[in-house]
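Visitor:
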Amino acid sequence: MRTAQEPPLMSEIPMMTPEALKPSDLLREWRLLKDLAAYAADRSLSDLPRGQASVMVIPGFGAGDWATGILRGRLSRLGHHVYGWGLGINRGQLGRDAERLMPKLQAIVARRDRPVTLIGWSLGGVIARQVARQQPGLVNDIIALGTPLVGGPKFTFTAPWYARKGMDLDAMARKVDDFESSHALPCPLLSVFTPHDGMVHPGASHDPHHPEVTYREVNASHLGLCLAPEVIEIIALRLARA
-18 MRTAQEPPLM SEIPMMTPEA LKPSDLLREW RLLKDLAAYA ADRSLSDLPR GQASVMVIPG
42 FGAGDWATGI LRGRLSRLGH HVYGWGLGIN RGQLGRDAER LMPKLQAIVA RRDRPVTLIG
102 WSLGGVIARQ VARQQPGLVN DIIALGTPLV GGPKFTFTAP WYARKGMDLD AMARKVDDFE
162 SSHALPCPLL SVFTPHDGMV HPGASHDPHH PEVTYREVNA SHLGLCLAPE VIEIIALRLA
222 RA
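And the structure:
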């Protein structure tokens, strides 16, 4: 039986240089098969810490609550009060979605009498940061799973799509960088990233602007970040301290 142990803290690691993804990088996502096999073989939660944190999980671009169901179910079994975002498919409308999440978070905080931990998968982590900045009293922690913390869409698999729509990716990356360098995060953030990510370059999951960001490296695929046992263990350990 494995024993849950705190992974090595990676608060100071060499920054990877983010790069634009190539179409062939998507082939890295074959590791999802390994993640599914690991999940099927290791479904026991008996050695993970329990807790009673209030948690909302925000899905990535093109996904909905169905994509985070395994993660939410496992955290619920550990005693946490876990909520989906309840807004259907994430279509990348960051400002609108952040505003629509406010009353949901306010209701959770009023019901549970404690701020919420936001878990954002991929683009969901960007939304989580925006929500925390707009309503810092509602959020006490952010866990970002394969989230592009720099560059906007420039270093993600969606870059060609945005470019075809007329977006200047370099200009957007500079705009994001300027915003991040001048707007502090009001809470700590844990960035979970994988060097095997075929959808968000792992270098984009490193944030040079905010001191309260720590990192965990995992061996999952991007698509497997919401079900890989090692990711669920990291999240459980983080929530146990909430």
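According to our numbering, the stretch in the sequence shown is residues -18 to 223, in order. Backbone N, C-alpha and C fix where the C-beta goes; we use that ideal spot for every residue, glycine too.
1) In the DSSP assignment, find the alpha helix (DSSP H) that holds ASP122 and state where it starts and stops.
2) Is the CB-CB distance between GLY76 and TRP102 below 8 angstroms?
3) Does DSSP classify ARG222 as helix, strand or coil?
4) Identify the continuous beta strand (DSSP E) that holds SER35 and give its terminal residues.
5) To the nearest angstrom, how far is it from the Cα of HIS191 to the Cα of GLY133?
6) Where does GLU193 sit, in a helix, a strand or coil, going by DSSP?
7) Can you have a look at MET180 and say buried or exposed, based on whether 16 or more other CB atoms are within 10 angstroms of its CB?
8) Quick one: give me the first and last residue of the beta strand (DSSP E) that VAL63 is part of.
9) On the DSSP bridge list, what partners appear for LEU99?
10) Please report the distance separating the alpha-carbon of SER57 from that of PRO84.
11) Quick check on PHE174: buried or exposed, where buried means 16 or more other Cβ atoms within 10 Å of its Cβ?
12) Counting C-beta neighbours from all protein chains within 10 Å, is the total for SER186 16 or more, i.e. buried, or is it exposed?
13) What do you get for ALA125, buried or exposed, if any count of 16 or more other CB atoms within 10 angstroms of its CB means buried?
14) Report yes if the C-beta distance between LEU13 and LEU204 is below 8 angstroms; otherwise report no.
15) Report buried or exposed for PHE160, applying the criterion of at least 16 other Cβ atoms within 10 angstroms of its Cβ.
Guide: Looking at the atomic coordinates:
1) From DSSP, ASP122 is part of no alpha helix (DSSP H) but of the beta strand (DSSP E) over 120 to 126.
2) no
3) coil
4) 35 to 39
5) 16 angstroms
6) coil
7) buried
8) 62 to 65
9) MET37, ILE123
10) 22 angstroms
11) buried
12) buried
13) buried
14) yes
15) exposed
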